[in-house]
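Plus 31 on top of the position in the sequence shown (first one is 1) and you've got our numbering. Ideal placement from N, C-alpha and C gives every residue a C-beta, glycine not left out. Being a predicted model, the structure only gives us computed values, none of them experimental.
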Amino acid sequence: MFSQLTPEESASRMWTAAGRDSSYVLVELQVLQREQEELKAKYEESKQVLESLQQREEELHKKIKEMQDLHLSFDMYHKDEEANRAIEKAEQERQRVLQKEAEIERLKEQLAKLTEEKQELEHQVKRHSVYRDLLEQLLKITKFKDVAALTDHLESLLHFRCQLSERESKAQEQADEQRKALLTLEQQHNLLLLQRNNQLSQLQTKLEKTHSEGLIWEKKWNNIQETAARKTLKLGQIKMAILNLYEMTGGQVGGEEGVDVNDTEKQLEQVKQFFEDQTDIVQQYQPHSQRRNNDQGKQKSKKPTNKEI
């Protein structure tokens, strides 16, 4: 076939065929490189999002553990119920993190596939480098003077332009889809952060409320202990006074005939009986008129006592 064409025509047709293949490979390689860079950037962003979510999950588990320790001594049932809800929410968060990890693995596989395609295209470029060198040598000795050769060259350029436009359109669509997916991931991440912040705020409010209630109950308990101590001291003083009066009236403590040292009621009865006996003795030695006045005064003084009883 080449023997029927002039050197210019042969060079033109060889340049057209080889140039079309090598140019197509170079353009496709550049497109894949851009896609690889964009995919790698998205992978890094998704990885950072995942690390941030994992860190928030660890912080939440730590907060839950602290709340469990703080509420353990105050309200066991209430604490268990709240902790279970917090653990359930943390499990849901962990499931979301696992989904993010699966998404990252998918992106890794896609990145590996694009890397493999890039290597294949680089291999094709090296393989077509021989034709490129040949074309450069032929271009030095010939020009496009034939109309048919020029027409073929223009047609090949137009065809290549159409292919390139289609590929750019597809690449733009893929970029838009990836951008939408990234936007969705960012929105989900922001929503999760907002939920975690709300949960943390609620837990902090409950902690402060529990701490405040604990201080109130602690203050009440201290007041109760102080009141009990005062009453115990006063009761001891009263018992000691009664015991002293009992001994002063000749009462015995311990032994077969004596009263137990802690039996305050019997001691008080003995003291009361002693005063009554002494009063009767005094009345026996008083004049009749004075005794009558004393009886009247005694009756008057007994009325408040009966009311108190």
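Same chain, Cβ closer than 7 Å to residue i, neighbours up to 5 away in sequence not counted
{"i": "K202", "result": "Correcting the residue identity first, residue 202 is Ala in this sequence and not Lys. If we look at A202 and ignore the five residues flanking it on each side, its Cβ neighbours are V62, E66."}
{"i": "E136", "result": "none"}
{"i": "K94", "result": "L231, L234"}
{"i": "R227", "result": "R87, L91"}
{"i": "L189", "result": "none"}
{"i": "T310", "result": "none"}
For residue i, the nearest candidate out of the options (CA to CA)
{"i": "K131", "options": "F191, L213, S187, C193", "result": "L213"}
{"i": "Q120", "options": "Q64, H92, Y277", "result": "This sequence places Lys at residue 120; Gln is not what is there. Here the closest residue by C-alpha is H92."}
{"i": "Q230", "options": "R87, E68, K78", "result": "R87"}
{"i": "E76", "options": "L216, D291, Q314", "result": "L216"}
{"i": "E82", "options": "K73, R137, V128, K96", "result": "V128"}
{"i": "Q219", "options": "V80, E69, Y74", "result": "V80"}
{"i": "L223", "options": "E69, E307, R125", "result": "R125"}
{"i": "Q205", "options": "Q123, Q85, K94, Q141", "result": "Q141"}
{"i": "A117", "options": "L138, V292, L234, L264", "result": "L234"}
{"i": "A133", "options": "K78, S187, E147", "result": "K78"}
{"i": "Q85", "options": "E122, D294, T236, E68", "result": "E122"}
{"i": "T295", "options": "Y316, S200, Q150, I269", "result": "I269"}
{"i": "N293", "options": "L266, T236, Y316", "result": "L266"}
Alpha helix (DSSP H) segment containing residue i, residue limits
{"i": "V313", "result": "295-315"}
Cut-off 6 Å between Cβ atoms - residues of its own chain near residue i, not counting five sequence neighbours on either side
{"i": "K338", "result": "Unreliable placement is indicated for K338, whose pLDDT of 34 sits below 50; no coordinate value is reported for it."}
{"i": "F305", "result": "T280"}
{"i": "I255", "result": "none"}
{"i": "Q64", "result": "none"}
{"i": "K96", "result": "none"}
{"i": "I312", "result": "none"}
{"i": "L36", "result": "Below a pLDDT of 50, predicted positions are generally treated as unreliable, and L36, at 48, falls in that range; the measurement from the model is reported next regardless. Once the five neighbours on either side are set aside, L36 has no close Cβ partner at all."}
Residues of its chain near residue i, where Cβ-Cβ distance is below 8 Å and the 5 sequence neighbours each way are ignored
{"i": "V290", "result": "Y277, G282, Q283, V284, K297, Q298, Q301"}
{"i": "L70", "result": "L138, Q141, L142, L145, Q209"}
{"i": "L264", "result": "none"}
{"i": "E148", "result": "L63"}
Cβ of residue i within 8 Å of any chain C Cβ
{"i": "L231", "result": "This model lacks chain C altogether; it includes just one protein chain."}
TODO: Evaluate the contact criterion for the region 275-284 versus the region 301-309: three or more CB pairs, one atom per stretch, below 8 Å.
DONE: At 8 Å Cβ cutoff, the stretches touch.
Open item on the list: Whether or not the region 242-257 and the region 266-274 are in contact is what I'm after, with contact meaning three or more pairs of Cβ atoms, one per stretch, closer than 8 Å; do they touch?
Closed with: no
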